[in-house]
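Asker:
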DNA sequence: TCTTTATGGTGAG
DNA sequence: TCACCCTAAAGAT
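In the working numbering, the protein residues as written are 2 to 265.
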């Protein structure tokens, strides 16, 4: 429902399949993207790709639309007949009407700007051709807590506050362990887990990290209050050892962990 | 009907 | 480290 890397990759895929090769109708009901939407209107989506939490839509191979949802942005499908509100920055019409609200970024950019953005990103486990040793090198260079490194988009692209806490729990890694002190096995584990979890996130279009064994049901059918191990579960019992889940602030964001399952 | 919070990121001091 | 941007749902009153 909300944006970490899986959301953006799923969005990229859904928009591509919705628009196909037909011209798209574009407008900016809110008016803040009037100019841009006018340029896009009537053009065809020629490419749709995600890099971490960034979405890039190319139109007629000449315009590049850069969208970043930030913390509160949404890009959701509605029926073609649906009306818009004055918070809709961009409305794109294909088979459905896609409403973009509250984005951190919605702008037409040049190739240079595109390269600038993507150059600043670490490897995205959902993109082809990315190698885990890039991630390993980035982690090994940092003394900051591993929980902080995981949120740094130049270390690994697409991880957000939910996934970072969940990954560290699943692998039994204390969030405050200095990044450079992680073993190769742990770093490799983080990368493989990220890849598997983000893929599942794309497939389900939601984050479900709890395993079948721990939840008792298939990931696609897990209740929302049983989908995660630690995120937003402070003082509730750990799903594995029943110890109280703890919370702290790391990298300016809240981080949850289990003292017993994730020893220092 | 308020106030708070949020899966993010930037730019100022 | 902090203020700030943008919106909507959840929680408090």
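The beta carbon of each residue, even a glycine, is placed where N, CA and C say it ideally should be. In this text, all values refer to a predicted model and were calculated from it rather than measured experimentally.
Check the C-beta distance from residue 226 over to residue 247 and give it rounded, since I have them as a contact under 8 Å.
Answerer: Not quite, the Cβ-Cβ distance comes to about 19 Å (not below 8 Å), so this is no contact.
Asker: In three-state DSSP terms, what is residue 28?
Answerer: Strand.
Asker: What separation, rounded to the nearest whole angstrom, lies between the Cα atoms of residue 23 and residue 38?
Answerer: Answer to the nearest angstrom: the Cα atoms are 16 Å apart.
Asker: The beta strand (DSSP E) spanning residue 248 covers which residue range?
Answerer: It spans 247-251 - the beta strand (DSSP E) in which residue 248 sits, taken as one unbroken run.
Asker: In the DSSP output, which residue or residues are listed as bridge partners for residue 1?
Answerer: Residue 1 lies beyond the stretch modelled for the chain, which goes from 2 to 265, so this question has no answer here.
Asker: Residues in its own chain within less than 6 Å of residue 51 by CB, not counting five upstream and five downstream?
Answerer: Taken in chain order, the residues that qualify are 9, 10, 13.
Asker: Alpha carbons only, please: which of 230, 208, 205 is nearest the one belonging to residue 215?
Answerer: Minimum Cα distance to residue 215 is reached at 230.
Asker: If we count the other Cβ atoms within 10 Å of its Cβ and call it buried at 16 or more, is residue 240 buried or exposed?
Answerer: By the 10 Å Cβ count, residue 240 comes out buried.
Asker: Jot down the residue ranges of each uninterrupted beta strand (DSSP E) in the region 68-148, minimum 3 residues, whole runs only, in chain order.
Answerer: You should have 75-79, 89-94, 98-102, 106-110.
Asker: Could you spell out the range, first to last residue, of the alpha helix (DSSP H) harbouring residue 7?
Answerer: 6-20 is the extent of the alpha helix (DSSP H) around residue 7.
Asker: Is DSSP giving residue 204 helix, strand or coil here?
Answerer: The answer is helix: DSSP assigns residue 204 an H, G or I state.
Asker: Looking at the strands, I want to know which residues DSSP matches up with residue 51.
Answerer: Beta-bridge pairing links residue 51 to 56.
Asker: Taking the alpha-carbon positions, what's the residue 232 to residue 43 distance?
Answerer: When rounded, the distance between both Cα atoms is 43 Å.
Asker: As a quick exercise: from 244, 149, 4, 263, pick the residue whose alpha carbon is nearest that of residue 72.
Answerer: Selected option, being the one with the closest Cα: 4.
Asker: Does the distance from the C-beta atom of residue 135 to that of residue 124 stay below 7 Å?
Answerer: Yes, Cβ-Cβ distance for residue 135 and residue 124 is below 7 Å.
Asker: For residue 238, collect the residues of the same chain with a Cβ closer than 8 Å to its Cβ; drop the 5 residues on either side in sequence, then sort them by chain order.
Answerer: Within the same chain, residue 238 has close Cβ partners 244, 245, 246.
Asker: Note the first and the last residue of the continuous alpha helix (DSSP H) segment covering residue 167.
Answerer: Element bounds for residue 167: 162-171.
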